[in-house]
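S.K.: Chains as they are written, first to last, in my numbering: chain A, -12 to 110; chain B, 12 to 229. Quick reminder that beta carbons are idealized off the backbone N, C-alpha and C, glycines included.
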């Protein structure tokens, strides 16, 4: 799978959004992950930790927010959350459905410490 | 605790390059499709039969993607079409940037159709837009009729299903009707062709469709 390149993309996005001197203060990177994104959470976290180790973002950890799959049935108009990866409307049995969520793979935000890490401690 | 809001798609960079590719293809009036399958389903064989039949009718260019070797590019080059090989060196799918760099060496202005043959893999290529008009998923009868149910993402994202190696059906436990039914359950809009690259069955119908799609392009 391609979790390593997904993790690198996440780091690139964080580096673009956070001023370089604030990178060491980043403690958490929130990522929204749909159940159809094809990304294995444990593998992504492992790759992320490996890539940020010994870098200014070394304290950052991934916080994964999972998004369930949701579908609109094109036959009866109902919305449902399917079990598994094959989508049948539980009301009318139709397989003609439009996916409304599940492919999500987004960096939502980052959390930083209040005090910049590089600021010298008070005497 | 301070928070910096980002709200950016992780694959946004790939999507941006895919959009650039799509613009480039539209400028040259190209019909572009992305062929995906598991390894050994017959993507390259289908291309060979297609190139044979379309010779003189359509000007086709090919982008080949593989983890290693340029074997496929060599096979396709025998049909006298411009071809470029992408070697991913372990990468499990093609990304838009790889395609963008590869097509720079193709004479796009002289082509009607561009075929991108993805890395053999029924998982990851489903998630990467390359700038194509549509995906064609190839599944061979030897893989079994349950493949669409086991890898639904790919069948959902494709517009066309080619069921290949139908000449082997007498020797296999594959129920081709069940295979097609399983695929259509996941994606009722799939256009289905049944082919054999060995006997040539179904290749003409597939090529007729391809010709009509190429004629429809802007």
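1. Could you name the residues that DSSP lists as bridge partners for residue 2 of chain A?
2. Which residues mark the beginning and the end of the beta strand (DSSP E) in which residue 109 of chain B is found?
3. Taking 8 Å as the threshold (beta carbon to beta carbon), is residue 2 of chain A in contact with chain B?
4. For residue 142 of chain B, does the count of other Cβ atoms within 10 angstroms reach 16, so buried, or fall short, so exposed?
5. Quick check on this structure: which residue in A:101, A:-11, A:1, A:-9 has the alpha carbon closest to the alpha carbon of residue 47 of chain A?
6. Does the beta-carbon of residue 116 of chain B have 16 or more other beta-carbons within 10 angstroms, so that it is buried, or is it exposed?
7. Using a Cβ-Cβ cutoff of less than 8 Å, which residues in the same chain neighbour residue 122 of chain B once the five nearest sequence positions on both sides are dropped?
8. Any C-beta of chain B sitting closer than 8 Å to the C-beta of residue 54 of chain A?
9. With 16 other CB atoms within 10 Å as the buried threshold, where does residue 89 of chain A fall?
10. Thinking C-alpha only, which one of B:119, B:49, B:37 is nearest residue 74 of chain B?
11. Going by Cα to Cα distance, which pick from A:15, A:11, A:8 is closest to residue 16 of chain B?
12. Which residue marks the beginning of the alpha helix (DSSP H) containing residue 11 of chain B, and which one marks its end?
13. With distances taken between CB atoms, is the gap from residue 20 of chain A to residue -10 of chain A smaller than 8 Å?
14. Would you mind working out which of B:214, B:159, B:55 sits nearest residue 127 of chain B, comparing C-alpha positions?
15. Helix, strand or coil: how does DSSP classify residue 77 of chain B here?
16. By Cβ distance below 8 Å, which residues in the same chain neighbour residue 187 of chain B in space, the five residues on each side in sequence not counted?
17. State yes or no: is the C-beta of residue 70 of chain A within less than 8 Å of the C-beta of residue 199 of chain B?
18. Does the stretch 130 to 147 of chain B come within contact of the stretch 45 to 59 of chain B, defined as at least 3 CB pairs closer than 8 Å?
19. Is it the case that the Cβ atoms of residue 14 of chain B and residue 94 of chain A are separated by a distance below 8 Å?
20. Is any beta-carbon of chain B found at less than 8 Å from that of residue 95 of chain A?
21. Would you say residue 162 of chain B and residue 130 of chain B are within 8 Å of each other, going by their C-beta atoms?
22. Between which two residues does the alpha helix (DSSP H) containing residue 191 of chain B stretch?
23. Please report the distance separating the alpha-carbon of residue 230 of chain B from that of residue 209 of chain B.
M.R.: In this structure, then:
1. DSSP lists no partner for residue 2 of chain A.
2. Per DSSP, residue 109 of chain B belongs to no beta strand (DSSP E); it is in the alpha helix (DSSP H), 107 to 114.
3. no
4. buried
5. A:1
6. exposed
7. 39, 41, 70, 71, 72, 93
8. no
9. buried
10. B:119
11. A:15
12. Outside the displayed range of chain B (12 to 229) lies residue 11 of chain B, so it cannot be described from this structure.
13. no
14. B:55
15. strand
16. 152, 156, 174, 177, 180, 205
17. no
18. yes
19. no
20. yes
21. no
22. 187 to 197
23. Past the edges of chain B, shown from 12 to 229, lies residue 230 of chain B, and the structure says nothing about it.
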